Amino acid sequence: SDATILILGESGTGKELIANAIHQNSFRKDKSFVKINCAALPENLLESELFGHEKGSFTGAIAKRQGRFELANSGTLFLDEIGDMTFSTQAKILRVLQEGEFESVGSDKTIKVDVRIIAATNKDLELEVEEGNFRKDLFFRLSVVPITLPPLRKRKVDIPLLAEHFLKKYAEKNNRLISDFTPAATDKLMRYDWPGNVRELENLIERTVIMSREELITPDALPFSINGLKKNDNNYVADIMPSRSIREVEKELIIKTLESTDKNITRAAELLGVSRRTL
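Residue numbering for the sequence shown follows the working numbering, starting at 1485 and increasing by one per position.
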């Protein structure tokens, strides 16, 4: 299909990978796949990046420059974090989607392009439309085919496969002879909620591979955030009963955390999410 795609999902779920896969399986696969992060640039620079500019059109414009739309002509343009785009830029994007044309900054010459748009955001665009932060007409134009990527915590069956893939990747990259995870380590990975999603998992596996000196990844090799404080683990979380005061629960949790870290105050404070001085 050549339809416009809107990819929705939390940060780190792999929206850019999906966009790339869509392009590689389209009839535009031999043409350019151009990417831009709409949240990374202020409005004036974003418009210049998207539509190009003429020499002298603003301070610092020392030469004529093509924009991403022109560079992506006949190919695919990936607009990442489109939910952060300003209203005025949204209107210009809408025009390109509807009419396939635009003017570069500082020019009155109309440029025609044939570009397939794939957009992505970690925001709830329907809510953004209701609150007046995003154009309703642009939302409908973008979401011809919406794809929602669930967070990693809702597709935990993927975790062992992803972890194995990242382990192989970073073991080769860092010349480590690490072949696998122990069942206990895999269990730890499966029970963690992964607020940073696949990106967090990849970063954690890379760090673990670099720091590990064993052939197998064990629970001890995993960071504190994965090992956590869970009852029936080596660590412990205080029992919370309606009859107990906050002070009692807090005291027990602090004591158990200190015991689990062999009274290492810095590590205990990190686990508890407070400063060493506060602890």
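Yeah, the Cβ is synthetic: ideal placement off N, Cα and C, and Gly gets one too. Bear in mind the structure is a predicted one, so any value in this text is a computation, not a measurement.
query = Hey, D1564 and A1505: beta-carbon distance below 8 Å or not?
reply = Result no, Cβ atoms of D1564 and A1505 do not sit closer than 8 Å.
ask   = For A1503 versus V1628, is the C-beta spacing smaller than 8 Å?
value = It is not a contact, given that the beta carbons lie outside the stated cut-off.
inquiry  = Taking 7 Å as the cut-off, is the C-beta of A1603 nearer than that to any heavy atom in the ligand GTP?
reply    = Annotation note on the ligand GTP: not contained in the displayed structure, which lists no ligands.
Run of the beta strand (DSSP E) containing F1517, from where it starts to where it stops = Start and end: 1517-1521.
query = Closest by CA to S1572, which one among P1526, D1608, G1584?
reply = P1526
ask   = Can you tell me where the alpha helix (DSSP H) with L1555 in it begins and where it stops?
value = 1552-1555
request  = Quick one: which unbroken alpha helix (DSSP H) runs of 4-plus residues sit fully inside the region 1575-1640? Chain order, please.
outcome  = 1609-1614, 1620-1626
R1552 and V1597 closer than 8 Å at C-beta = No, they are not a contact pair.
message = Quick check on the DSSP output: the alpha helix (DSSP H) that includes F1650 runs from which residue to which?
response = 1643-1657
query = Residue range of the beta strand (DSSP E) that L1561 falls in?
reply = 1560-1564
key: As assigned by DSSP and simplified to three states, the class of I1489   = strand
ask   = What do you get for A1752, buried or exposed, if any count of 16 or more other CB atoms within 10 angstroms of its CB means buried?
value = A1752 counts as buried, since at least 16 other C-beta atoms from the protein chains shown sit within 10 angstroms of its C-beta.
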